[in-house]
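S.K.: For the sequence shown, counting from 1, position 14 maps to 964 in the numbering used here; every step adds exactly one.
No residue lacks a Cβ here, since even glycine has one placed at the ideal position from N, Cα and C.
In this text the structure is predicted, and so the values were computed from the model without any measurement.
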Amino acid sequence: MTEQDADRPTDHDSPWKEALEHYFQEFTQLLFPAIYDEVGWPRGYNPMDKELQQITADANTGRRHADKLIQVYARDGSETWVLIHVEVQGAPEEGFAQRMYTYQYRLRDRYGVDVVSLAVLADTRERFRPSAFQYERWGCMLSFTFPMAKLIDWEARWADLEASDNVFALVVMAQIKAKRVKDGATRKDVKIALVRLLYERGYSREQIVQLFRIIDWMIQLPRDLEPEFVQAVYALQEEKMMPYVNTIERVEREKALQQGVEQGIERGRHQGVEGTLRKQLALKFGELPEWADERIAAATDAQLDDWVMRILEADSLESLLGKH
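Below is the structure:
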């Protein structure tokens, strides 16, 4: 990739957490089919984010992890928690297996439920395949084993992923390409190919938007290649008559934000950022109500900066600017 990517680190953690929350059943079916067969899926599943935070609050490894805790029920009706550890960073973590064991016993000790730990290895180091944590001394032995899925193993089965009707196959394909492909132009072509595949599978609008966002998160491009990607997506949408998706919106907003910042340098930073924020809010939420207009006019530089940073994630004016 080019030097333009130095300030654009690829965020692999957030897309994995979103993918697991929306498509846990499909994830299990694709990567852990034996476990999939043992779950009572008609009862559904529930993310247990607060419970996971309780046992990881004191973790200070300096690394970000895409861990996810899900409550399910076995086919016999018994409650089981599934703890998924996703290793997504470039350099494999030497203490990965021990961290899995630590979280396992903390959950069982705190909540008294059966916990099944699963490992997903998204790195590209062939020999890094932890599947157990154990130690022994003076006749005392502990052995903790766990199922493991190495994503690069799917490279030999790429045709199966392309032909699969499982939505999680696209997530796996995007992650593998995000790790393997470094050249910006090639990444653009790969990303376009995945979006085309996404459009051709006949998914619902909601699925398209969710999967598009995940792919967009995983495979980031140099800024100078984003316009070409945007045009390609527009062409695909016209060809397939597909709904509006988020990358176009994000790119256009970033462009408008940059223009606003540049204008702000000339006529005063505060006025420039305020003007950009108003344009972005109007684009996303429509005409601004009086209370929002007054709040923006009275905002400090720090508040404006905060709102600009959070606007893409906000689902309402109230959640962004505060209730009036």
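Would the beta-carbon of Y973 fall within 8 Å of that of V1117?
M.R.: Working through the sequence shown from its first residue, we reach residue 973 at position 23. Working through the sequence shown from its first residue, we reach residue 1117 at position 167. Cβ atoms of Y973 and V1117: closer than 8 Å.
S.K.: Which residue marks the beginning of the alpha helix (DSSP H) containing A1247, and which one marks its end?
M.R.: Here residue 1247 corresponds to residue number 297 of the sequence shown, with the count starting at 1. Residues 1240-1247.
S.K.: Hey, how far is the Cα of E1224 from the Cα of L1267?
M.R.: Taking the first residue of the sequence shown as position 1, residue 1224 is located at position 274. Taking the first residue of the sequence shown as position 1, residue 1267 is located at position 317. So the two alpha carbons sit approximately 15 Å from each other.
S.K.: Out of curiosity, what's the CA-to-CA distance linking D1139 and S1093?
M.R.: Counting from 1 along the sequence shown, the entry for residue 1139 is found at position 189. Counting from 1 along the sequence shown, the entry for residue 1093 is found at position 143. Spanning the two alpha carbons is a distance of roughly 45 Å.
S.K.: Where does A1109 sit, in a helix, a strand or coil, going by DSSP?
M.R.: One-based indexing of the sequence shown puts residue 1109 at position 159. Here A1109 sits in helix by DSSP.
S.K.: Which of helix, strand or coil does DSSP assign to T1095?
M.R.: Residue 1095 sits at position 145 when you count from the first residue of the sequence shown. Strand, per DSSP.
S.K.: Measuring alpha carbon to alpha carbon, tell me which residue in R1058, L1148, V989, G1089 is nearest L1002.
M.R.: Locating residue 1002 in the sequence shown gives position 52, where the first residue counts as 1. Comparing Cα-Cα distances from L1002 to each of R1058, L1148, V989, G1089, the minimum goes to R1058.
S.K.: Would you decide whether A1232 is buried or exposed? Buried here means 16 or more other CB atoms lie within 10 Å of its CB.
M.R.: Numbered from its first residue, the sequence shown carries residue 1232 at position 282. The residue is exposed, with fewer than 16 neighbouring Cβ atoms inside 10 Å.
S.K.: Let me check understanding here. Comparing Cα to Cα, which of G1089, L1120, P965, P1097 lies closest to A1016?
M.R.: As a first step, residue 1016 is located in the sequence shown; it is residue number 66 there, counting from the start. Out of G1089, L1120, P965, P1097, P965 has the C-alpha closest to the C-alpha of A1016.
S.K.: For F1083, does the three-state DSSP call read helix, strand or coil?
M.R.: Your numbering for residue 1083 matches position 133 in the sequence shown. In the structure shown, F1083 sits in a strand (DSSP, three-state: E or B).
S.K.: Kindly indicate which three-state DSSP category V1038 falls into: helix, strand or coil?
M.R.: Taking the sequence shown and counting its residues from 1, the one referred to as residue 1038 is at position 88. Coil at V1038, not helix or strand.
S.K.: One question on the structure: do H1035 and A1072 come within less than 8 Å of each other, judged by their Cβ atoms?
M.R.: Translated into positions along the sequence shown, residue 1035 becomes position 85. Translated into positions along the sequence shown, residue 1072 becomes position 122. No; because the gap between Cβ atoms is not below 8 Å, this pair is not in contact.
S.K.: Go to D1064, then tell me how far its beta strand (DSSP E) extends in each direction, as first and last residue.
M.R.: In the sequence shown, counting from the first residue as 1, residue 1064 sits at position 114. Note, D1064: beta strand (DSSP E), 1064-1071.
S.K.: How would you label Q1230, buried or exposed, when you count the other beta carbons within 10 angstroms and need 16 or more for buried?
M.R.: Walking along the sequence shown from the start, residue 1230 turns up at place 280. Residue environment: Q1230 is assigned as buried (16 or more neighbouring CB atoms within 10 Å of its CB, all protein chains considered).
S.K.: Report the rounded CA-to-CA distance for L1175 versus I1005, giving the unit in angstroms.
M.R.: In the sequence shown, residue 1175 corresponds to position 225, counting from 1. In the sequence shown, residue 1005 corresponds to position 55, counting from 1. Roughly 42 Å between the two C-alpha positions.
S.K.: Once the 5 residues before and after E1112 are set aside, which same chain residues still bring their CB inside 6 Å of it?
M.R.: Working through the sequence shown from its first residue, we reach residue 1112 at position 162. So the list is empty, once near-sequence residues are dropped.
S.K.: At the level of alpha carbons, what is the spacing between G1272 and R1130?
M.R.: For this step, residue 1272 is matched to residue 322 along the sequence shown. For this step, residue 1130 is matched to residue 180 along the sequence shown. When rounded, the distance between both Cα atoms is 42 Å.
S.K.: What span of residues does the beta strand (DSSP E) with V1022 cover, start to end?
M.R.: For this step, residue 1022 is matched to residue 72 along the sequence shown. V1022 -> beta strand (DSSP E) spans 1018-1023.
S.K.: Between the beta-carbon of L1033 and the beta-carbon of S1081, is there less than 8 Å?
M.R.: As a first step, residue 1033 is located in the sequence shown; it is residue number 83 there, counting from the start. As a first step, residue 1081 is located in the sequence shown; it is residue number 131 there, counting from the start. No, these two residues do not count as a Cβ contact at 8 Å.
S.K.: Starting from M1123 and walking both ways along the alpha helix (DSSP H), at which residues does that stretch end?
M.R.: Here the question's residue 1123 lines up with position 173 in the sequence shown. Per DSSP, the continuous alpha helix (DSSP H) segment holding M1123 begins and ends at 1118-1130.
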